[in-house]
Amino acid sequence: MAGHSKWANIQHRKGRQDKARSKLFSKLSKDIAIAAKMGGPDPDMNPRLRLAINNAKGQSMPKDNIQRAVDKGAGGDGADYEEIRYEGFGPSGIGFIVECSTDNTNRSAMEVRTAFSKNGGNLGETGSVAFMFDQVGKIEYPLDKADEDTMMEAAIEAGADDVEHDEPADDQWAEYEPVHTIYTERDDLGAVAAELEKTFGEAKSINLIWKAQNDIDAPDKAGTIVRLIEALEDLDDVQNVFHNFAMSEDALAALED
0 MAGHSKWANI QHRKGRQDKA RSKLFSKLSK DIAIAAKMGG PDPDMNPRLR LAINNAKGQS
60 MPKDNIQRAV DKGAGGDGAD YEEIRYEGFG PSGIGFIVEC STDNTNRSAM EVRTAFSKNG
120 GNLGETGSVA FMFDQVGKIE YPLDKADEDT MMEAAIEAGA DDVEHDEPAD DQWAEYEPVH
180 TIYTERDDLG AVAAELEKTF GEAKSINLIW KAQNDIDAPD KAGTIVRLIE ALEDLDDVQN
240 VFHNFAMSED ALAALED
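Just so we're aligned: 26 in numbering that gives the first Met the number 0 is position 27 of the sequence shown, and the numbers increase by one with no gaps anywhere.
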(Lines of atoms letter the chains of each structure in order from A; the text may use other names.)
(Lines give C-alpha, C1' and ligand atoms only; values in the text may rest on other atoms or scores of the structure.)
Protein backbone atom coordinates (compact mmCIF):
# COMPACT_ATOMS: atom_id res chain seq x y z
CA MET A 0 0.00 0.00 0.00
CA ALA A 1 1.31 3.41 -0.87
CA GLY A 2 1.19 6.29 1.57
CA HIS A 3 2.94 9.00 -0.43
CA SER A 4 1.59 12.39 -1.39
CA LYS A 5 0.23 13.04 -4.89
CA TRP A 6 -0.04 16.75 -4.15
CA ALA A 7 2.07 17.89 -7.09
CA ASN A 8 -0.17 16.13 -9.60
CA ILE A 9 -3.01 18.63 -9.07
CA GLN A 10 -0.97 21.80 -9.13
CA HIS A 11 -1.61 22.52 -12.81
CA ARG A 12 -5.15 23.53 -11.81
CA LYS A 13 -3.90 26.65 -10.02
CA GLY A 14 -5.87 29.76 -10.87
CA ARG A 15 -8.66 27.96 -12.73
CA GLN A 16 -10.97 27.03 -9.84
CA ASP A 17 -13.97 29.20 -10.72
CA LYS A 18 -13.92 28.34 -14.40
CA ALA A 19 -13.30 24.68 -13.66
CA ARG A 20 -16.20 24.49 -11.19
CA SER A 21 -18.67 25.87 -13.73
CA LYS A 22 -17.43 23.36 -16.30
CA LEU A 23 -17.49 20.59 -13.71
CA PHE A 24 -21.14 21.23 -12.84
CA SER A 25 -22.04 21.06 -16.52
CA LYS A 26 -20.28 17.74 -16.93
CA LEU A 27 -21.75 16.32 -13.73
CA SER A 28 -25.23 17.29 -14.94
CA LYS A 29 -24.62 15.49 -18.22
CA ASP A 30 -23.41 12.40 -16.36
CA ILE A 31 -26.54 12.38 -14.20
CA ALA A 32 -28.90 12.92 -17.14
CA ILE A 33 -27.28 10.13 -19.17
CA ALA A 34 -27.38 7.73 -16.22
CA ALA A 35 -31.05 8.52 -15.52
CA LYS A 36 -31.92 8.03 -19.19
CA MET A 37 -30.11 4.69 -19.40
CA GLY A 38 -31.18 3.13 -16.10
CA GLY A 39 -34.10 5.12 -14.72
CA PRO A 40 -34.42 7.93 -12.17
CA ASP A 41 -34.22 5.83 -8.98
CA PRO A 42 -30.61 5.77 -7.69
CA ASP A 43 -31.38 2.75 -5.51
CA MET A 44 -32.15 0.76 -8.66
CA ASN A 45 -29.57 2.46 -10.88
CA PRO A 46 -25.95 2.11 -9.63
CA ARG A 47 -24.55 4.38 -12.31
CA LEU A 48 -26.97 7.15 -11.35
CA ARG A 49 -26.15 6.70 -7.68
CA LEU A 50 -22.44 7.15 -8.42
CA ALA A 51 -23.13 10.21 -10.55
CA ILE A 52 -25.27 11.79 -7.82
CA ASN A 53 -22.69 10.97 -5.14
CA ASN A 54 -19.98 12.61 -7.23
CA ALA A 55 -22.14 15.70 -7.70
CA LYS A 56 -22.79 15.92 -3.97
CA GLY A 57 -19.08 15.48 -3.30
CA GLN A 58 -18.41 18.53 -5.47
CA SER A 59 -21.05 20.58 -3.58
CA MET A 60 -23.40 20.70 -6.55
CA PRO A 61 -26.75 22.18 -5.39
CA LYS A 62 -29.58 19.69 -4.85
CA ASP A 63 -31.85 21.56 -7.26
CA ASN A 64 -29.27 21.20 -10.02
CA ILE A 65 -28.98 17.48 -9.34
CA GLN A 66 -32.74 16.99 -9.44
CA ARG A 67 -33.07 18.95 -12.67
CA ALA A 68 -30.45 16.73 -14.28
CA VAL A 69 -32.26 13.58 -13.10
CA ASP A 70 -35.58 14.91 -14.41
CA LYS A 71 -33.97 15.85 -17.72
CA GLY A 72 -32.63 12.36 -18.25
CA ALA A 73 -35.75 10.61 -17.04
CA GLY A 74 -37.80 12.79 -19.39
CA GLY A 75 -35.85 11.56 -22.40
CA ASP A 76 -33.46 14.46 -22.91
CA GLY A 77 -29.89 13.54 -23.74
CA ALA A 78 -31.07 10.30 -25.36
CA ASP A 79 -28.66 10.60 -28.27
CA TYR A 80 -25.47 10.99 -26.24
CA GLU A 81 -22.75 8.51 -27.11
CA GLU A 82 -19.72 7.72 -24.98
CA ILE A 83 -16.43 7.73 -26.88
CA ARG A 84 -12.81 7.34 -25.84
CA TYR A 85 -9.97 9.04 -27.70
CA GLU A 86 -6.27 8.31 -27.24
CA GLY A 87 -3.32 10.46 -28.18
CA PHE A 88 0.14 11.72 -27.40
CA GLY A 89 1.32 15.06 -26.10
CA PRO A 90 4.83 16.56 -26.11
CA SER A 91 7.62 14.24 -24.88
CA GLY A 92 5.44 11.20 -25.56
CA ILE A 93 2.96 11.93 -22.76
CA GLY A 94 0.00 9.58 -23.17
CA PHE A 95 -3.58 10.88 -23.01
CA ILE A 96 -6.94 9.15 -22.69
CA VAL A 97 -9.91 11.46 -23.31
CA GLU A 98 -13.44 10.35 -22.46
CA CYS A 99 -16.32 12.16 -24.18
CA SER A 100 -20.11 12.12 -24.03
CA THR A 101 -21.44 13.61 -27.24
CA ASP A 102 -24.43 13.91 -29.53
CA ASN A 103 -22.14 14.61 -32.50
CA THR A 104 -19.13 12.32 -32.87
CA ASN A 105 -17.75 14.22 -35.86
CA ARG A 106 -17.67 17.45 -33.83
CA SER A 107 -16.01 15.75 -30.87
CA ALA A 108 -13.33 14.11 -33.00
CA MET A 109 -12.54 17.38 -34.74
CA GLU A 110 -12.34 19.37 -31.50
CA VAL A 111 -10.18 16.79 -29.73
CA ARG A 112 -7.89 16.47 -32.76
CA THR A 113 -7.55 20.26 -32.97
CA ALA A 114 -6.70 20.55 -29.26
CA PHE A 115 -3.91 18.01 -29.70
CA SER A 116 -2.51 19.54 -32.89
CA LYS A 117 -2.50 23.11 -31.53
CA ASN A 118 -0.64 22.07 -28.37
CA GLY A 119 2.19 19.91 -29.62
CA GLY A 120 0.37 16.58 -29.67
CA ASN A 121 -1.39 14.22 -32.03
CA LEU A 122 -4.47 12.03 -31.88
CA GLY A 123 -3.67 8.32 -32.00
CA GLU A 124 -5.49 5.11 -32.85
CA THR A 125 -7.64 3.26 -30.34
CA GLY A 126 -5.33 1.16 -28.19
CA SER A 127 -2.22 3.23 -28.91
CA VAL A 128 -2.16 4.60 -25.35
CA ALA A 129 -4.54 2.51 -23.22
CA PHE A 130 -1.97 -0.26 -22.72
CA MET A 131 0.07 2.18 -20.60
CA PHE A 132 -2.85 2.63 -18.17
CA ASP A 133 -4.97 0.44 -15.92
CA GLN A 134 -8.70 1.04 -15.51
CA VAL A 135 -9.33 1.08 -11.77
CA GLY A 136 -11.79 2.38 -9.22
CA LYS A 137 -10.99 5.61 -7.39
CA ILE A 138 -12.66 6.80 -4.18
CA GLU A 139 -11.85 10.10 -2.48
CA TYR A 140 -12.55 11.22 1.08
CA PRO A 141 -11.56 14.59 2.59
CA LEU A 142 -8.33 14.37 4.52
CA ASP A 143 -10.04 15.44 7.75
CA LYS A 144 -12.45 12.49 7.58
CA ALA A 145 -9.89 10.22 9.29
CA ASP A 146 -6.18 9.97 9.98
CA GLU A 147 -3.98 8.11 7.51
CA ASP A 148 -3.71 4.88 9.51
CA THR A 149 -7.45 4.67 10.14
CA MET A 150 -8.32 5.26 6.49
CA MET A 151 -5.71 2.83 5.25
CA GLU A 152 -6.81 0.09 7.67
CA ALA A 153 -10.47 0.55 6.70
CA ALA A 154 -9.61 0.52 2.99
CA ILE A 155 -7.58 -2.68 3.27
CA GLU A 156 -10.38 -4.33 5.21
CA ALA A 157 -12.88 -3.24 2.55
CA GLY A 158 -10.81 -4.82 -0.24
CA ALA A 159 -8.97 -1.81 -1.69
CA ASP A 160 -5.67 -2.19 -3.54
CA ASP A 161 -3.90 1.06 -2.72
CA VAL A 162 -4.27 4.27 -0.70
CA GLU A 163 -2.62 7.66 -1.15
CA HIS A 164 -2.82 10.71 1.10
CA ASP A 165 -2.45 14.37 0.18
CA GLU A 166 -0.45 16.68 2.37
CA PRO A 167 -2.44 19.13 4.53
CA ALA A 168 -3.35 22.31 2.68
CA ASP A 169 -1.26 25.43 3.06
CA ASP A 170 -2.15 28.99 2.06
CA GLN A 171 -0.90 28.50 -1.50
CA TRP A 172 -3.30 25.66 -2.20
CA ALA A 173 -6.18 26.60 0.09
CA GLU A 174 -8.63 26.24 -2.81
CA TYR A 175 -7.90 22.52 -3.14
CA GLU A 176 -9.36 20.21 -0.52
CA PRO A 177 -6.76 17.54 0.32
CA VAL A 178 -8.03 13.99 0.19
CA HIS A 179 -7.42 10.35 0.92
CA THR A 180 -7.50 8.48 -2.41
CA ILE A 181 -8.45 4.82 -2.39
CA TYR A 182 -7.83 2.65 -5.47
CA THR A 183 -9.66 -0.59 -6.20
CA GLU A 184 -9.91 -3.21 -8.88
CA ARG A 185 -12.37 -2.11 -11.56
CA ASP A 186 -15.04 -4.65 -10.60
CA ASP A 187 -14.59 -4.06 -6.85
CA LEU A 188 -15.36 -0.33 -6.88
CA GLY A 189 -19.00 -0.59 -5.84
CA ALA A 190 -18.40 -3.08 -3.04
CA VAL A 191 -15.43 -1.18 -1.57
CA ALA A 192 -17.27 2.14 -1.77
CA ALA A 193 -20.28 0.64 0.02
CA GLU A 194 -18.12 -0.72 2.84
CA LEU A 195 -16.28 2.58 3.34
CA GLU A 196 -19.57 4.48 3.35
CA LYS A 197 -20.67 2.48 6.39
CA THR A 198 -17.75 3.94 8.35
CA PHE A 199 -17.07 7.34 6.81
CA GLY A 200 -20.34 8.33 5.11
CA GLU A 201 -20.64 9.45 1.49
CA ALA A 202 -17.38 9.81 -0.39
CA LYS A 203 -16.30 13.04 -2.04
CA SER A 204 -16.12 11.20 -5.36
CA ILE A 205 -16.38 7.66 -6.75
CA ASN A 206 -15.16 7.02 -10.28
CA LEU A 207 -13.68 4.58 -12.72
CA ILE A 208 -10.44 6.10 -13.98
CA TRP A 209 -7.48 5.30 -16.19
CA LYS A 210 -4.45 5.19 -13.90
CA ALA A 211 -1.01 5.51 -15.49
CA GLN A 212 1.32 2.58 -14.89
CA ASN A 213 4.32 4.91 -15.00
CA ASP A 214 4.45 8.71 -14.96
CA ILE A 215 6.72 10.70 -17.27
CA ASP A 216 8.60 13.77 -16.07
CA ALA A 217 9.02 16.40 -18.79
CA PRO A 218 9.91 19.73 -17.16
CA ASP A 219 11.13 21.26 -20.43
CA LYS A 220 7.67 20.74 -21.96
CA ALA A 221 5.59 21.37 -18.84
CA GLY A 222 3.94 24.55 -20.10
CA THR A 223 2.87 23.02 -23.41
CA ILE A 224 1.59 19.86 -21.73
CA VAL A 225 -0.46 21.85 -19.23
CA ARG A 226 -1.95 23.93 -22.05
CA LEU A 227 -2.97 20.71 -23.81
CA ILE A 228 -4.59 19.37 -20.65
CA GLU A 229 -6.52 22.61 -20.19
CA ALA A 230 -7.56 22.77 -23.85
CA LEU A 231 -9.00 19.26 -23.67
CA GLU A 232 -10.74 19.85 -20.35
CA ASP A 233 -12.36 23.01 -21.72
CA LEU A 234 -14.15 21.13 -24.52
CA ASP A 235 -17.87 20.75 -23.83
CA ASP A 236 -18.00 17.11 -24.96
CA VAL A 237 -15.04 16.03 -22.81
CA GLN A 238 -15.95 14.38 -19.53
CA ASN A 239 -12.53 13.22 -18.32
CA VAL A 240 -8.88 13.65 -19.27
CA PHE A 241 -6.29 11.15 -18.06
CA HIS A 242 -2.55 11.35 -18.71
CA ASN A 243 0.79 10.07 -17.45
CA PHE A 244 2.49 13.45 -17.00
CA ALA A 245 4.25 13.79 -13.66
CA MET A 246 3.95 17.30 -12.27
CA SER A 247 7.29 17.06 -10.51
CA GLU A 248 8.99 19.86 -8.61
CA ASP A 249 11.17 20.50 -11.68
CA ALA A 250 8.09 20.72 -13.91
CA LEU A 251 6.36 23.05 -11.48
CA ALA A 252 9.44 25.26 -11.29
CA ALA A 253 9.50 25.41 -15.10
CA LEU A 254 5.89 26.60 -15.11
CA GLU A 255 6.66 29.33 -12.60
CA ASP A 256 9.70 30.66 -14.47
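Ideal Cβ positions, reconstructed from N, Cα and C, are used throughout, including at glycine. In this text, all values refer to a predicted model and were calculated from it rather than measured experimentally.
Counting only runs of 3 or more residues that sit fully inside the segment 157-232, the beta strand (DSSP E) segments are 161-164, 178-184 and 204-211, in chain order. Nearest C-alpha to residue 147 among 69, 227, 133 and 162: 162. Residue pairing from DSSP places residue 134 in a beta bridge opposite 209. Close CB contacts of residue 158 within its chain, under the 6 Å cut and outside five residues either way in sequence, are with 187 and 191 (chain order).
Check the Cα spacing between residue 103 and each of 114, 79 and 97: the tightest is with 79. Cβ contact annotation for residue 204 (same chain, cutoff 6 Å, sequence separation greater than five): 54, 57 and 139, in chain order. For a cut-off of 8 Å, the C-beta gap from residue 111 to residue 231 is around 7 Å, short enough to register as a contact. With a threshold of 16 other beta carbon atoms within 10 Å, residue 130 falls short and is exposed. In the assembly as shown, residue 220 is a buried residue. Its beta-carbon has 16 or more other beta-carbons within 10 Å. Note that the segment 80-92 does not touch the segment 41-50; fewer than 3 beta-carbon pairs, one per stretch, sit closer than 8 Å. Taking a contact as a CB-CB distance under 8 Å, the pair residue 242 and residue 72 does not count as one, their CB atoms being some 29 Å apart. CA-to-CA, the gap between residue 106 and residue 43 works out to about 35 Å. When the Cα atoms are used, residue 143 and residue 208 turn out to be separated by approximately 24 Å.
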